[in-house]
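Protein chains: 2
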Amino acid sequence: MTSSPEREFVLDHLDDLHADLEAWVRIPSISADPAHAGDVADSAAWLAEALRRTGFPTVEIWPTPGAPAVYAEWPSADADAPVALVYGHHDVQPVDPPELWEHPPFEPTRVDGPDGPELHGRGASDDKGVLIVHLLGLRAHLAATGRDTPAVTVKLLIEGEEESGSPHFPALLQQRRDRLGCDVVVVSDTGMAAPDVPSAVTAMRGLADAEITLRGPAVDLHSGSFGGAVPNPLHAMAELLATLHDDRGRVTLPGFYDKVRPLSDRERELMSRVPFDERAWLAGPAASRATYGEEGFSTLERTGARPTAEVNGMWGGYTGPGHKTIIPAEAHAKVTFRLVSDQRPEDVGPQLRAWVAANVPAGIEAEVHTPPGGVSPCSSDLDSPAMEALLRAIGQAFDTAPEDVLLTREGGSGPEADLVEALGAPLLFLGAGLPTDRIHSPNERVLLPMLSRGAEAAAHLWRELGAMRLR
Amino acid sequence: MTSSPEREFVLDHLDDLHADLEAWVRIPSISADPAHAGDVADSAAWLAEALRRTGFPTVEIWPTPGAPAVYAEWPSADADAPVALVYGHHDVQPVDPPELWEHPPFEPTRVDGPDGPELHGRGASDDKGVLIVHLLGLRAHLAATGRDTPAVTVKLLIEGEEESGSPHFPALLQQRRDRLGCDVVVVSDTGMAAPDVPSAVTAMRGLADAEITLRGPAVDLHSGSFGGAVPNPLHAMAELLATLHDDRGRVTLPGFYDKVRPLSDRERELMSRVPFDERAWLAGPAASRATYGEEGFSTLERTGARPTAEVNGMWGGYTGPGHKTIIPAEAHAKVTFRLVSDQRPEDVGPQLRAWVAANVPAGIEAEVHTPPGGVSPCSSDLDSPAMEALLRAIGQAFDTAPEDVLLTREGGSGPEADLVEALGAPLLFLGAGLPTDRIHSPNERVLLPMLSRGAEAAAHLWRELGAMRLR
């Protein structure tokens, strides 16, 4: 193992990183729940204070019509230094069902796991843990290089509504565009392939969401008097959603695959290098009995590189104890679509409407609601100098050659595409979460040694990017 | 129009009937809601008092582990008079959704409708309205015949849990069997074909209910990280329920139709005589855009004489505002089956389990819960002397020859089969509700002239049955 001044500084100051993360996780910044609006504001205030303490000369809280974002800027003294903008979020997912948590979600708890010490708590990984490395990483960069200011101008934009679909983020980007100019966007909201497998995300899927309402009788009907003689919207919803995928696991919306860029042989080869133990994945993070999906693609391709349709919620009729013998007036379903390049979220609504109209049974009225917005898919340029800098930085932090840093794809979606669009800068992904972190689920955790590697990689990245003179 | 002393008495005392019904409807005796347990007890107490006031020498409230039943007995002075037992229920359906009611459900409101005055309110028809006719009917019988005691011994057993599936009724019948001996059971919980169409129900469907739970991942999963790669229980539920009926609208459970007695030509001919305006039915009570159902059968046959499967409720995943991008751990559905002779409710559980096991997709675990009990189908003997008495009584009340009283079938289910089984007596149905009464729905109502006809038919029935000397 080749040490470095960056690594030495990080290892000497790990307690700071752990203490900061624990303090931040204690703040239940659930953006989806209006009752937690005050906590989301507290989370922003805590982060602003932590950034000031780290040394950022400019730290601001940017209000939005929803939750506040935090902006910070530390200019490089070098006149021609590139500008990097770090993106992340300080809000967290809801915790339900609370009874499945082994430790209270907002009382961060250290647990010794098979791969080293873990910290359990909502947000311990997504995104507070993944993001917190930048505080120690920047200090390590300065200490290791003996600089007073970073080798790149570092800007941070940490939003507070990512877990609620970032409804006000595009407007914020437009409004603050003059402050956000940069040469590269560093997204810190992702993970690596496995604890001992340095890797970089190169793409994220997009997202479009929809709600389908089917209406049958004008009122709930007595199923004794009317059962078997009029269309039941719950039957219609089952029949409709049963055809959302064909026998090959492909989404059946007309035109859904038209803009999907086929995976190249090189891309498939790069993905196949990522070590993946399907049995362990099923038994562990996926907690499932079988794989499933689109014919002709591996599980990693299915989750990272192919578009999907998932029913996230479905309801209608009587759902209380015992039975109520009704034909309900309505049935509902929430569906989200993950998109890959070059699909556009705004295409999904018309495709879904056409599909529903063509498949809804006689006597059932359908309504499809697709909220405006959605998330576009996005990806890194594998051949750019910034990408080379990132792979060198990760390689050093993990004692690996840059060409052995694996390239992965993230199945989730965030507002990264908005950043690309608004700021016109290329994307890098630096994040030290793990697929086993149980993000969005009970017992979320982070592997603490990954955060120390992440802090070191961040420190190396500023030096490497500074040396590249991107502009 | 041929009048009769019974009719004259009824018409002279209609205000009593209306006042009694309004007072009873004011009591929100919703048996499914534990918060209304006191109201169900109040409803029993009100009925007991009304029966005492009518003249019943014996009136008792029979407690059960659930809601109380009311029992009353008025022995005939004639030693060899037959014994008739009237069955009905004093509990009512829940009112949700309350915002769809034009008048508060427990403030009975008189409305002038196209067929005459209506009374609106929960229970105005089912079953308080249909049942209340026996108070005035018995008084009319005594007044018209000049008797001090009825021509038959009249017993009433009015339960308080019919709308909750009569969970304690079979045990009550066993426990009180020595008090309930009778020659004929008169069920008063049904309706006639139309306002000007005298008819008698001759059969009711049985009922079996079930809840299906499908389990996929052990916890809710992030649909970005896992979507498209593991089975989603909501997709599985949609696929499963989409195959509950085949292309011909037949229920696909193996063996489901094995014990169904085919409709005879005579039965189909009798049903075809019932006037039925399908367009008016769709626009009115069914409030639906199209008919639907088993190939080869009319709407009246589908609702009355054929077995059905209806999904009454379905739920799983995220159902709140906005979206939550999960693959949920579980999906649920409530399904009820209507049964016809000679199907048995206890057969449905094994049939459903076999069907689910054969159709559940890989990676999904299924659980089928079928509560014990259920309701058997039941029917009247069309050729019995008691049936002839009933048709004569209804004919007189509606100024129609007995052979012109139409025979219908009731699609709903009640504990009538338990009465037949426990008491060994044949069934008659006397009820003056209408298919347009919106029972179990918002804005339930009863057509008041039907209740006056019903009271008159009840008065005629006691005289006719007394004359038959059934025992």
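Those protein sequences? They're chains A and B, same order as listed.
Quick note on the numbering used here: the first sequence kicks off at 51 and runs consecutively.
Quick note on the numbering used here: the second sequence kicks off at 51 and runs consecutively.
Glycine included, every Cβ here is placed at the ideal spot set by N, Cα and C.
Cβ atoms of A:V109 and A:A129 stay farther apart than 8 Å, at about 23 Å. Contacts with chain A (Cβ-Cβ distance below 7 Å) from the stretch 261-274 of chain B involve G266, P267, A268, V269, D270, L271, H272, S273, G274, listed in chain order. In the DSSP assignment, A:L61 falls outside any beta strand (DSSP E) and within the unbroken alpha helix (DSSP H) covering 55-62. Contact with chain A is found for B:A337, since one of that chain's Cβ atoms lies less than 8 Å from the residue's Cβ. In this chain, B:H170 is not harboured by any alpha helix (DSSP H); it is covered by the beta strand (DSSP E) spanning 166-170. Within chain A, the residues placing a beta-carbon under 7 Å from that of B:F276 are A336, T353, ordered along the chain. Here the C-alpha atom of B:D165 lies approximately 9 Å from the C-alpha atom of B:D246. Counting C-beta pairs with one atom in each stretch, the stretch 237-255 of chain A and the stretch 271-281 of chain A have fewer than three that are closer than 8 Å, which means they do not touch. Closer than 8 Å to the CB of A:A443 there is not a single CB belonging to chain B. For B:S249, no alpha helix (DSSP H) run applies; the uninterrupted beta strand (DSSP E) run containing it begins and ends at 249-254, by DSSP.
A distance of 8 Å or more separates the beta carbons of B:G278 and B:A379.
About 4 Å separates the beta carbon of A:R388 from that of A:R255, a gap short enough to meet the 8 Å contact definition.
Taking a 10 Å sphere around the C-beta of B:S314, we find fewer than 16 other C-beta atoms and assign the residue as exposed. Taking a contact as a CB-CB distance under 8 Å, the pair B:S214 and A:G372 counts as one, their CB atoms being some 7 Å apart. In this structure, B:L480 keeps its C-beta atom at 8 Å or more from the C-beta atom of B:R323. In this structure, A:V496 and A:A69 do not form a Cβ contact; the two beta carbons are roughly 14 Å apart against a cut-off of 8 Å. In chain order, E344, F347 place their CB closer than 6 Å to the CB of A:R356, counting only its own chain and leaving out the 5 sequence neighbours on each side. Taking CB atoms only, A:P281 has a neighbour in chain B less than 8 Å away. A:T458 is outside the set of residues whose beta carbon lies under 8 Å from a beta carbon in chain B.
A:A337 and A:G399 have their C-alpha atoms spaced approximately 32 Å apart. With respect to chain A, the C-beta atom of B:I376 has a partner C-beta closer than 8 Å. Excluding sequence positions up to five before and after A:R318, its CB lies within less than 8 Å of the CB of E351, all in the same chain and listed in chain order. Excluding residues up to 5 positions away in sequence, L150, W151, E152, H153, H170 lie with their Cβ nearer than 8 Å to the Cβ of B:N493 in the same chain. A:V410 places its beta carbon 8 Å or farther from that of A:A260. According to the DSSP assignment, A:D162 belongs to the beta strand (DSSP E) that extends over 159-163.
Counting the other CB atoms within 10 Å of its CB gives A:V161 a total below 16, which places it among the exposed residues. Burial check for B:E99: the Cβ neighbour count within 10 Å stays below 16, so the residue is exposed.
Taking a cut-off of 8 Å for Cβ pairs, the stretch 70-78 of chain B and the stretch 190-210 of chain B do not touch, as fewer than three such pairs fall below it. Interface annotation, A:P154: not in contact with chain B, CB-CB separation never under 8 Å. From the beta-carbon of B:A82, the residues of chain A found nearer than 8 Å are G372, K374.
For A:T353, same chain residues with a beta-carbon under 6 Å away, outside a window of 5 residues either side, are G461 in chain order. Distance from B:V251 to B:T458 at the Cβ level is roughly 5 Å; contact confirmed, criterion being Cβ atoms closer than 8 Å. About 6 Å separates the CB atoms of B:C428 and B:V470; that is less than 8 Å, so the two are in contact. Proximity of chain A to B:G363 at the Cβ level (cut-off 9 Å) is accounted for by L284, W365, G366, G367, Y368, T369, G370, H373, K374, I376, P378, in chain order. Of all C-beta pairs linking the stretch 201-211 of chain B to the stretch 123-143 of chain B, three or more are shorter than 8 Å, placing the two stretches in contact.
Contact residues of the stretch 477-511 of chain B toward chain A are P485, R488, I489, H490, S491, P492, N493 (C-beta to C-beta distance below 9 Å).
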